[in-house]
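Trainee: According to our numbering, the sequence shown is numbered sequentially starting from 15.
By construction, the Cβ of each residue, glycine as well, lies at the ideal position given by its N, Cα and C atoms.
Because the structure is a prediction, the values reported are computed rather than measured.
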Amino acid sequence: FLENENNFIQGAQNFYPCVNGAFTGELGKEHLDEFGIKCVLIGHSERRALGDEEFIKAKFDFAKEHGYKIVFCIGENLDTKNSGKTLEFLKKQLEIIDLNYEKLIIAYEPIYSIGTGVSAQSTDIAKVLEFLASLTKV
Numbered sequence: 015f016l017e018n019e020n021n022f023i024q025g026a027q028n029f030y031p032c033v034n035g036a037f038t039g040e041l042g043k044e045h046l047d048e049f050g051i052k053c054v055l056i057g058h059s060e061r062r063a064l065g066d067e068e069f070i071k072a073k074f075d076f077a078k079e080h081g082y083k084i085v086f087c088i089g090e091n092l093d094t095k096n097s098g099k100t101l102e103f104l105k106k107q108l109e110i111i112d113l114n115y116e117k118l119i120i121a122y123e124p125i126y127s128i129g130t131g132v133s134a135q136s137t138d139i140a141k142v143l144e145f146l147a148s149l150t151k152v
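#1: Between which two residues does the beta strand (DSSP E) containing V121 stretch?
#2: Is the beta carbon of K78 closer than 9 Å to that of K141?
#3: Just to confirm before moving on: does the CB-CB distance between G35 and G42 stay below 9 Å?
#4: Leaving aside the five residues before and after I125 along the sequence, list all residues of the same chain whose C-beta is less than 7 Å from its C-beta, in chain order.
#5: Going by DSSP, what residue range makes up the beta strand (DSSP E) through L146?
#6: Using C-beta distances below 7 Å, list every residue in its chain close to L113, excluding the 5 sequence neighbours before and after it, in chain order.
#7: Could you give the DSSP three-state label for L46: helix, strand or coil?
#8: State the start and end residues of the unbroken alpha helix (DSSP H) segment that holds K73.
#9: Use the C-beta contact count for T130: other C-beta atoms within 10 angstroms, 16 or more gives buried, fewer gives exposed.
#10: Whose C-alpha, out of V85, K95, I128 and N96, is nearest the C-alpha of L108?
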């Protein structure tokens, strides 16, 4: 893998917010450093399903403190979408992080579209993107 020649960067889809330690099945900063990882994914729907927003915040704060590029995932389930509360729900997911962090990428993942046969409509996505732009304008 030649990241410089292909314009790719390696990232970790999960990590534990520690420098090192005995956290079975988890990767700390020393492990990420060993492989040159400078980008981490936080808040993926499969991890959020575990239901610990405080842990997601701890991961964000740790990654920010150590200068990682952060891909922060947000998204709503079908019940939230159908209740018309998508933007309110997404805003709540974002309240725990620093939206002004310069190495932040927000990834919108409409959870209701994963394995359900329900596709996200372009008008819904446009509404979310407009909403995100309004939150992140400096």
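Mentor: According to the structure data:
#1: According to the sequence as given, residue 121 is Ala; it is not Val. Element bounds for A121: L118 to Y122.
#2: Not in contact: K141 and K78 (Cβ atoms no closer than 9 Å).
#3: yes
#4: Cβ within range, chain order: S59, G89, E90 and N91.
#5: Not the beta strand (DSSP E): L146 falls in the alpha helix (DSSP H), residues S136 to T150.
#6: L149 and T150
#7: DSSP places L46 in helix when its eight states are reduced to three.
#8: E67 to E79
#9: exposed
#10: V85
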